[in-house]
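Engineer: Under numbering that gives the first Met the number 0, the first residue of the sequence shown is numbered 0, with each subsequent residue one higher. For every residue, glycine included, the Cβ atom is placed at its ideal position computed from N, Cα and C. Please read these numbers as outputs of a predicted model, since none were measured by experiment. The structure under discussion is supplied below as structure tokens; questions concerning it will follow.
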Amino acid sequence: MEASVSTNMEVFLKPPKLELLNQLLPCEPNKCHPHEEVAFLKTWFAICKGSKEEISWPDFSSAASSFPPRNTTSVCVGMLNINKDSNIEENCTTRRCLFDHKAIKELKSMSTCDETKPTRYQVVSSFISKHMIVAIKEDKTRPMVALHVVDMRKRMGEPFSKGVVGNLLWPALVVLEDVNKNTEIIDLVEILKEGLGKLTKDLFLKVKNDPCFLWSDECAKLMLEGIAENKPISLVFTSWGNMGFN
């Protein structure tokens, strides 16, 4: 694939400016959801290759019919209400950290036992969580919460195929307590797996079929309702690793 950008290579590379990568995308980040952006890029690539069988045909109806618009006033948002009015971009910086095959293999070996066989996402996000928490210089008494963005498509199965268009995301929220430099990565992986394990097809069917679920005690518990009073520090994770780029 090719993209034309109104700048020269020297500006792009000396020093590398990661924000210039936005100019290689068909629209600015946050103007569309990642899943739709990935579908666009994969379809574009398939057309360029002449591979009609690889074209991802969009499904505009399944998500809209299953999750029609609702009045969500006073729903249990919990942690999602943190910093909603603050301008995070003012203190935002971008860094690129490369975890090569050897590093990921080593992290997996540190986090694997008979009961636990973690994915690369689980070990890398747990590793980053640990070292970010250790490095934080703010009040250590504030609770630490990791928010992992989960794609509902894979967990719900049919009719939610890869081509379903919509913001089908749900947060997995996990509290990370007493994390320090001696904390084992495998312990954080176990906490993460427990949090992700709560997001099942049955849960999402409740969201779909029960009009009162978003106001329920079960939803409040998932959203960590009430923790905002303790001014938690949040770490947010998302991954493009399983979106089909091979």
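Pop quiz: VAL163 and SER61 are said to be a contact at Cβ under 8 Å. What is the actual Cβ separation, rounded to whole angstroms?
Structural biologist: Contact holds; Cβ gap of about 5 Å.
Engineer: Cβ atoms of VAL133 and ASN179: under 8 Å apart, would you say?
Structural biologist: Closer than 8 Å, so yes.
Engineer: Hey, could you find the ends of the beta strand (DSSP E) MET143 is sitting in?
Structural biologist: Per DSSP, MET143 belongs to the beta strand (DSSP E) from 143-150.
Engineer: So what does ILE232 bridge to, in DSSP terms?
Structural biologist: Answer by DSSP bridge pairing, in chain order: MET143.
Engineer: Is there contact here, the segment 220-237 with the segment 123-143, by at least three beta-carbon pairs under 8 Å?
Structural biologist: Yes: the two stretches touch, three or more of their Cβ pairs being nearer than 8 Å.
Engineer: Give the single residue among SER50, LEU202, ALA38 whose Cα lies nearest to the Cα of ILE165.
Structural biologist: In the sequence as presented, Ile is not what sits at residue 165; that position holds Gly. Per the Cα distances, ALA38.
Engineer: Where does TRP214 sit, in a helix, a strand or coil, going by DSSP?
Structural biologist: TRP214: helix per DSSP, three-state reduction.
Engineer: In angstroms with no decimal places, state the Cα-to-Cα distance between ARG152 and ASN7.
Structural biologist: Those two C-alpha atoms are separated by around 40 Å.
Engineer: Note down the Cα distance separating ASP186 from LEU175, rounded to an integer number of angstroms.
Structural biologist: For ASP186 and LEU175, the distance between alpha carbons rounds to 10 Å.
Engineer: Relative to the C-alpha of SER125, which residue among SER5, PHE11, ILE184, LEU168 is closest?
Structural biologist: Minimum Cα distance to SER125 is reached at ILE184.
Engineer: Which residues in the same chain have their Cβ closer than 7 Å to the Cβ of ASP58, if we skip the five residues on either side of it in sequence?
Structural biologist: So the list reads SER160, GLY162, VAL163, VAL164, once near-sequence residues are dropped.
Engineer: Mark PRO117 as exposed unless 16 or more other C-beta atoms lie within 10 angstroms of its C-beta, in which case mark it buried.
Structural biologist: PRO117 comes out buried.
Engineer: In chain order, what residues of the same chain have a beta carbon less than 6 Å from the beta carbon of SER65, not counting five sequence neighbours either side?
Structural biologist: So the list reads LYS207, once near-sequence residues are dropped.
Engineer: Locate the alpha helix (DSSP H) running through TRP134, then write down its first and last residues.
Structural biologist: Reading the sequence as shown, one finds Ala at residue 134 and not Trp. That run of the alpha helix (DSSP H) goes 119-134.
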